[in-house]
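Comments concern the structure below.
In the working numbering, the protein residues as written are 19 to 213.
Now the structure itself:
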């Protein structure tokens, strides 16, 4: 292939909501061949937060996700608001969802969540928190649980914690030496009592 191909011949955008668009791209891969249409979801960048509390626990959130028609255990996360700094969004989302204030924020990097269908990036952070505000109330519909590394590893191994994008955040934190990788490489298959 030459530098001129593949070539995007046209782009059409359909806004579905203030947060999401569908983008159709007609792409030619070789001269003289008909273009193929590819669809992607466009939305603002997303952040994922692996936080560690002063006592060494990891706050997780459980919430109902209509896309999978069920409840999921996840890392605290959210979408960037227009013009918002990613680190500021990280601190805001962590506090809103868990009641834990950010004390030290370590950016882990921005990656592509799904190169086939999503046009945004996921920006991952490792956060060392302060003590949880005793008066804090999580956002409506969110349950917060602080787990150990062994409990989180067991939740991943038994399918209780299923969000693949957040597993990437764990890997980035381990690669940068911010958490020990060992519990996640050899999880203890214990009943963590999660629903």
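Where a beta carbon is used, it is the ideal one built from N, C-alpha and C, also for glycine.
Check                                                                                                                                                              : Outcome
Going by beta carbon distance, what residues of the same chain come within less than 6 Å of residue 170, once the five residues before and after it are set aside? : 76
If we ignore side chains and look at the alpha-carbon of each, how far apart do residue 19 and residue 47 end up?                                                  : Note that residue 19 scores 49 on pLDDT, short of 50, meaning its location in the model is unreliable and no value can be drawn from it.
Please name the residue in 89, 106, 68 and 52 whose C-alpha comes closest to that of residue 178.                                                                  : 89
Using DSSP with H/G/I as helix, E/B as strand and the rest coil, what is residue 19?                                                                               : Annotation note: pLDDT 49 at residue 19 (below 50); position unreliable, no value reported.
Can you list, in chain order, the residues of its chain whose CB lies under 6 Å from that of residue 209, leaving out five sequence neighbours each side?          : Low per-residue confidence applies at residue 209: pLDDT is 47, beneath 50, and the placement is therefore not dependable, though the value from the model is reported in the following sentence. For residue 209, where only same-chain residues beyond five positions count, there are no Cβ hits under 6 Å.
Quick check: the Cα distance between residue 72 and residue 43, rounded to an integer number of angstroms?                                                         : 48 Å
Where does the unbroken alpha helix (DSSP H) through residue 110 begin, and where does it stop?                                                                    : 104-116
Kindly indicate which residue of 126, 136 and 158 has the alpha-carbon position closest to the one of residue 187.                                                 : 126
Where does residue 174 fall in DSSP's three states?                                                                                                                : helix
How many Å lie between residue 124 and residue 138 at the Cα?                                                                                                      : 21 Å
Could you tell me which residues DSSP pairs with residue 57 in its beta bridges?                                                                                   : 42
With DSSP as the reference, label residue 182 as helix, strand or coil.                                                                                            : helix
Tell me whether residue 95 sits in a helix, a strand or coil according to DSSP, three-state version.                                                               : strand
Can you grab the Cα-Cα spacing for the pair residue 23 / residue 99, in whole Å?                                                                                   : 35 Å
Taking residue 66 and residue 140 to be in contact with their CB atoms under 8 Å, please state how far apart those CB atoms are, rounded to whole angstroms.       : 6 Å
Would you tell me roughly how many angstroms separate the C-alpha atoms of residue 152 and residue 117, rounded to the nearest one?                                : 8 Å
Please name the residue or residues paired with residue 33 in a DSSP beta bridge.                                                                                  : 39
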